[in-house]
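In what follows, a single structure is set out as structure tokens and then discussed.
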Amino acid sequence: MKARYDFSAATKNPYAKRLKRSVTIRLDESTVEYFRDLAAEVELPYQSLINLYLRDCAASGRRLSMSWRPVRSGAV
7 MKARYDFSAA
17 TKNPYAKRLK
27 RSVTIRLDES
37 TVEYFRDLAA
47 EVELPYQSLI
57 NLYLRDCAAS
67 GRRLSMSWRP
77 VRSGAV
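Under my numbering, the residues of the sequence shown are numbered 7 to 82, in order.
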């Protein structure tokens with residue numbers, strides 16, 4: 007191994023913007039099983055399949071349809 011290296015002619019990684027970041031999320035067991043089963047069918051790691059799905063949602067501007075109902079007074 008050299009004591010010094012010359013990086014003056016080095017170029018930036020063109021894929022640096024697409025590097026993945028490790029995150030921790032909590033998913034329901036049924037959600038994980040769904041993606042594991044689907045990933046097995048298409049022979050992909052399930053985490054890659056989840057990433058592809060989320061990337062597709064972001065690219066298409068898909069929004070989750072949610073509505074919250076107000077809690078009635080006295081309801082438990």
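Using N, Cα and C, we set each Cβ at its ideal position, and we do this for glycine too.
By the three-class DSSP mapping on this structure, what secondary structure does residue i have?
{"i": "Tyr3", "result": "Not covered by the structure: residue 3. The range shown for the chain is 7 to 82."}
{"i": "Thr2", "result": "Any answer about residue 2 is impossible in this case: the structure gives the chain only from 7 up to 82."}
{"i": "Ser54", "result": "helix"}
Work out the CA separation of residue j and residue i for me, nearest whole Å.
{"i": "Leu44", "j": "Ala9", "result": "50 Å"}
{"i": "Ile31", "j": "Leu55", "result": "15 Å"}
{"i": "Ala22", "j": "Ala16", "result": "14 Å"}
{"i": "Phe41", "j": "Trp74", "result": "27 Å"}
{"i": "Phe3", "j": "Met72", "result": "Outside the shown range of the chain (7 to 82) lies residue 3, about which nothing can therefore be said."}
{"i": "Ala65", "j": "Ser28", "result": "20 Å"}
Comparing the C-beta of residue i with each C-beta of chain B, is any distance below 7 Å?
{"i": "Pro51", "result": "In the structure shown, chain B cannot be found, because there is only a single protein chain."}
Spatial neighbours of residue i within its chain, please: CB distance less than 8 Å, with the 5 preceding and 5 following residues excluded, ordered by chain position.
{"i": "Tyr26", "result": "Residue 26 is actually Lys in this sequence, not Tyr. Once the five neighbours on either side are set aside, the close Cβ partners of Lys26 are Asn57."}
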